[in-house]
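Engineer: Quick note: the sequence shown uses numbering that gives the first Met the number 0, first residue 0, plus one each step. Glycine included, every Cβ here is placed at the ideal spot set by N, Cα and C. Before I ask anything, let me first share the structure, which is written out below as structure tokens.
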Amino acid sequence: MSAAPCPCQTRSAAHPTTPYAACCAHYHAGPLHLQAPTAEALMRSRYAAYVLDRVDYLLATWHPSTRPAAIDANPPGLKWLGLEVRRHTVMDADHASVEFVARSKLGGRAQRLHELSRFVREDGRWFYVDGDSP
Ligand SMILES: [Zn+2]
0 MSAAPCPCQT
10 RSAAHPTTPY
20 AACCAHYHAG
30 PLHLQAPTAE
40 ALMRSRYAAY
50 VLDRVDYLLA
60 TWHPSTRPAA
70 IDANPPGLKW
80 LGLEVRRHTV
90 MDADHASVEF
100 VARSKLGGRA
110 QRLHELSRFV
120 REDGRWFYVD
130 GDSP
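In structure tokens, the structure reads:
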């Protein structure tokens, strides 16, 4: 797993694919647990958590005011296909939004989630608050 490309698909010219171990794994566990430095990094790490079924991380990064009691695990047959971050808008030091498209396939049918997500930073930690269709 550690050498596999990160599901969040962060890329740079120098690193066409970033290994999971050098990417969202830092925020899912270890010394940088829950320390994603930007709303976009948090959003990407949450997408990776959906792909990897890390429900604990999804709940921990959900703002307490909107956090559900539980998150359904991925339904059988669901396959995440990719993430495209369209826009990362920083309102101020503690508020930001990220527009993204996440693609998946369930039972052979393509699905597309297009969301504008809101994030807030409290005590130095970014949280997902909510989102809607842009
Ligand atoms: Zn990643």
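Quick check: the Cα distance between H27 and S44, rounded to an integer number of angstroms?
Structural biologist: Counted from its first residue, the sequence shown places residue 27 at position 28. Counted from its first residue, the sequence shown places residue 44 at position 45. Those two C-alpha atoms are separated by around 7 Å.
Engineer: Are the beta-carbon atoms of A38 and V128 separated by less than 8 Å?
Structural biologist: Counting from 1 along the sequence shown, the entry for residue 38 is found at position 39. Counting from 1 along the sequence shown, the entry for residue 128 is found at position 129. It is not a contact, given that the beta carbons lie outside the stated cut-off.
Engineer: Does DSSP put A109 in a helix, a strand or coil?
Structural biologist: Position 110 of the sequence shown, counted from the first residue, corresponds to residue 109. In this structure, A109 counts as strand in the three-state DSSP scheme.
Engineer: Given a threshold of 16 other Cβ atoms within 10 Å of its Cβ, counted over all protein chains shown, does G106 qualify as buried or as exposed?
Structural biologist: What you label residue 106 is simply residue 107 of the sequence shown in a count that begins at 1. It counts as exposed.
Engineer: Is P133 helix, strand or coil by DSSP?
Structural biologist: Locating residue 133 in the sequence shown gives position 134, where the first residue counts as 1. Coil, per DSSP.
Engineer: Would DSSP call H32 helix, strand or coil?
Structural biologist: Numbered from its first residue, the sequence shown carries residue 32 at position 33. Note: H32 maps to coil in three-state DSSP.
Engineer: Count the other CB atoms, across all protein chains shown, that sit within 10 Å of the CB of T65; report buried if there are 16 or more and exposed otherwise.
Structural biologist: By one-based count along the sequence shown, residue 65 stands at place 66. That one is exposed.
Engineer: Give the DSSP-derived three-state secondary structure of R45 in the structure shown.
Structural biologist: Along the sequence shown, read from residue 1 onward, the residue named residue 45 stands at position 46. If DSSP states are grouped into helix, strand and coil, R45 belongs with the helices.
Engineer: Starting from D91 and walking both ways along the alpha helix (DSSP H), at which residues does that stretch end?
Structural biologist: Here residue 91 refers to the residue found at position 92 of the sequence shown. Element bounds for D91: not the alpha helix (DSSP H) but the beta strand (DSSP E), 77-91.
Engineer: Could you check the C-alpha separation between H113 and D131 for me, to the nearest Å?
Structural biologist: Position 114 of the sequence shown, counting from 1, holds the residue named residue 113. Position 132 of the sequence shown, counting from 1, holds the residue named residue 131. Those two C-alpha atoms are separated by around 8 Å.
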